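Residue 389 in our numbering is what sits at position 107 of the sequence shown, and the numbering runs on without skipping anything.
C-beta atoms are modelled at their ideal positions from N, C-alpha and C, and glycine is treated no differently.
Given the structure is predicted, the values throughout are model-derived calculations rather than measurements.
I have placed the structure first, in the form of C-alpha cells, so that the comments after it can refer back to it.
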Amino acid sequence: MKKSIASSINNKELKILQELIGKIVLVKFGGSTMKDPDSAAYIIEDIAFMNNMGIKPVIVHGGGDDINKMLTRLDIKPIFEEGLRVTDAETIEVVEMVLAGKINKNIVNQLHMHQAYAAGITGKDCHTLICNKKIINEKDLGYVGEICEVNNRLIHSLLENSIIPVIAPIGTDLQGNTYNVNADDAASAIAASLKAEKLIYLTDVDGIFLDFHNKASLIRQITPDIGHKLIQDGAVSGGMIPKIKNCLESLEKGTVNIHIVNGNTPHALISILVDNTSKGTTFYTP
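So this is what it looks like as C-alpha cells:
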C-alpha cells in the first residue's frame, strides 16, 4: 500500500519544510519522470503537499516523448540539431498542442485531485517568456526560441492567490510568433526572475557524475568556482555541460539553491527539500 507523504515526515523534517513557507520553489518536471505513472504520482502528491502547507511551488514541464509520438501519428519526422528540435511551422503547431494542451492540463487536473488549485499557462500568456529566434552554429532551427526576457507578473498573481502555476515552455516574440523553448532553459530563467529559494530539476539520473558509469563519482555539491573548473578541465562532458552552465547562470541571476535529483524515487521532491546533502547534486553560492 502506498504510504502518504504526510505520514512519512518526522518532526525534524517538518520543521525544515516549515522554514520554506512563503518561499518559491520551482520544479522542472521532466518528461523522463512523467513517463512513469508511479513516479509522476509521487511528484504530484509532493507538490500538492508543499502548496497546502504554504510553500509556493511553480512547475515548468517538458514533454518531448509525447511530442514525438504525436508527430509520428501525423507522419511528421522529428528532426534534431545539437540536441534541439528543429521546429518548422507545422511542427510548432504540434508542439504547442501537446505541451499547452494535453500535458499541461493533465498536470493541472492531477493537482486538483489532491485539493491543490493550479492554473496551466504558457510563456505566451501575459508575455511571460519573450524570445528571439535561437541560432545554433549558424543553423536556423525554425521556431526555436531563446529567452531574452521573463515577465513574471502573471506567475506572481497566481502565487499570491495560492494557485500553482503550471508552465508549458512555449514563448513568443513581440511580433506574435510562437517559439518552442527548451524546458531546462525556461525553468532556469523563470527561477532566476522569481529569485526562487530553490530550483529543482527532476530527472532520471541521480545527479552530476565525474564518471557516469561509476556511481561513487557523484558530485554532491557544486559552487560556481567548482562548476566552471569542471567544464574547463574537461572533467564533465556531453549533455552535462549545458546542464551545469544552466545551473550556474541561474545561480548568478538570483536563484538561491539548485538541485538535480532522480525523480523516479518515491517522494524525491520532499526528500531533497529536507535533506540536500545525501541526495542528488546541489548547486549553491557560498
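Go through its chain and collect everything with a Cβ distance to Lys-317's Cβ below 8 Å, but skip five positions before and after it. Asp-347
Can the beta-carbon of Ala-397 be found closer than 9 Å to that of Asn-334? Residue identity check: residue 397 is Gln in the sequence provided, not Ala. Their beta carbons are under 9 Å apart, which means Gln-397 touches Asn-334 by this criterion.
Note down the Cα distance separating Leu-440 from Leu-411, rounded to an integer number of angstroms. 16 Å
Closer than 9 Å to chain B by CB, Lys-297: This model lacks chain B altogether; it includes just one protein chain.
Identity of the residue in Leu-366, Lys-294, Gly-402 nearest Glu-428 by Cα: Leu-366
Among Lys-338, Phe-311, Ile-303, Asn-292, whose alpha-carbon lies nearest the alpha-carbon of Asn-386? Phe-311
Arg-367 (DSSP reduced to helix, strand or coil): strand
Can you tell me the Cα-Cα spacing of Ala-401 and Gly-344, whole angstroms? 16 Å
Three-state secondary structure (DSSP) at Ile-349? helix
Which ranges would you report for the alpha helix (DSSP H) in the segment 415-469 if only whole runs of at least 4 residues count? 435-442
Any contact of the segment 525-545 with the segment 463-477, i.e. 3+ C-beta pairs under 8 Å? yes
Tell me, please, which residues DSSP counts as bridged to His-541. Ile-482, Thr-564
In the structure shown, what three-state DSSP assignment does Ile-337 receive? coil
Measuring CA to CA, which of Leu-551, Gly-545, Ile-554, Ile-504 is closest to Glu-531? Ile-504
For Thr-460, collect the residues of the same chain with a Cβ closer than 7 Å to its Cβ; drop the 5 residues on either side in sequence, then sort them by chain order. Ile-374, Glu-378, Lys-406, Tyr-425, Ile-452, Thr-454
Compare the beta carbon distance of Ile-513 and Ile-501 with 9 Å and say whether it is the shorter of the two. no
Inter-residue spacing [alpha-carbon to alpha-carbon] between Asn-433 and Ala-473: 12 Å
Measure the C-alpha to C-alpha separation of Ala-322 and Thr-315 and round it to an integer number of angstroms. 6 Å
Starting from the Cα of Glu-372, find the closest Cα among Thr-354, Val-543, Arg-435 and give me that residue. Thr-354
Going by DSSP, which residues form a beta bridge with Gln-503? Thr-564
So, are the CB atoms of Ile-306 and His-549 less than 9 Å apart? no
Best match in Pro-339, Phe-491, Ile-361 for proximity to Val-390 [C-alpha to C-alpha]: Pro-339
Within its chain, find whatever has a CB closer than 8 Å to the CB of Ile-422; leave out the 5 residues flanking it on each side and keep chain order. The question names Ile, but residue 422 in the sequence shown is Asp. Only Lys-415 meet the Cβ criterion.
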